[in-house]
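Residue numbers for the sequence shown follow UniProt numbering, so the first one is 1 and each next one is one higher. Think of the CB as a built atom: it goes at the ideal place given N, C-alpha and C, for glycine as much as any other residue. Structure, as structure tokens:
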Amino acid sequence: MNLSEIQSKEIMPGYHAKMVHAEKMSWAFWDVEIGAEVPIHQHIHEQIMHVVEGTFEFTLANTIKTYHPGDVVVIPSNTPHGGKALTACKLMDIFSPVREEYK
1 MNLSEIQSKE
11 IMPGYHAKMV
21 HAEKMSWAFW
31 DVEIGAEVPI
41 HQHIHEQIMH
51 VVEGTFEFTL
61 ANTIKTYHPG
71 DVVVIPSNTP
81 HGGKALTACK
91 LMDIFSPVRE
101 EYK
């Protein structure tokens with residue numbers, strides 16, 4: 001499989017993803033529009049976020065930080081989190097278990 005062959009889907013306003021699903025995890029490749037926000041939420045999935053390009057403001061358990069290329073954030077299961085693209089961003093997220101709603 002090659003990412004160029006995967007069709008991007010707008011999962012939420014301003015968040016365009018190419019998704020790869022395995023048996024027990026999902027891998028999201030995001031193109032995020034400047035100013036796009038994901039509200040504070042939580043889910044059963046463990047998540048690891050990697051900032052590939054851009055500047056992303058991220059709230060994790062009521063702590064707000066700004067992340068830049070190369071930064072990685074580990075988000076435990078059921079921990080409130082959300083974010084906003086301060087610039088156009090490319091992000092990668094890994095979720096376990098699979099994000100069925102993203103299929």
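Spatial neighbours of residue i in its chain, beta-carbon cut-off 6 Å, leaving aside the 5 residues before and after
i, result
"ASN78", "GLN42"
Integer-rounded CB distance, given that residue j should sit under 8 Å from residue i
i, j, result
"ASP93", "ALA28", "4 Å"
"ALA85", "ALA36", "5 Å"
"VAL73", "TYR67", "7 Å"
"HIS45", "THR59", "Wrong, their Cβ atoms sit about 17 Å apart, outside the cutoff."
"VAL98", "MET1", "Contact flag wrong, Cβ pair sits at about 16 Å."
Residue i at chain B interface by Cβ criterion, 7 Å
i, result
"LEU86", "As a matter of chain content, chain B is missing from the structure shown, which is built from one protein chain."
Span of the beta strand (DSSP E) around residue i
i, result
"HIS41", "37 to 41"
Cβ neighbours of residue i in the same chain (closer than 8 Å, five flanking residues each side left out)
i, result
"ILE40", "THR59, PRO80, HIS81, GLY82"
7 Å Cβ shell around residue i - same chain, five flanking residues per side excluded
i, result
"residue 105", "Residue 105 lies beyond the range of the chain shown here (1 to 103); nothing can be said about it."
Is the segment 1 to 16 touching the segment 49 to 60 in the sense that three or more CB pairs, one from each, lie closer than 8 Å?
-> Fewer than three pairs of CB atoms, one per stretch, sit closer than 8 Å, so the segment 49 to 60 makes no contact with the segment 1 to 16.
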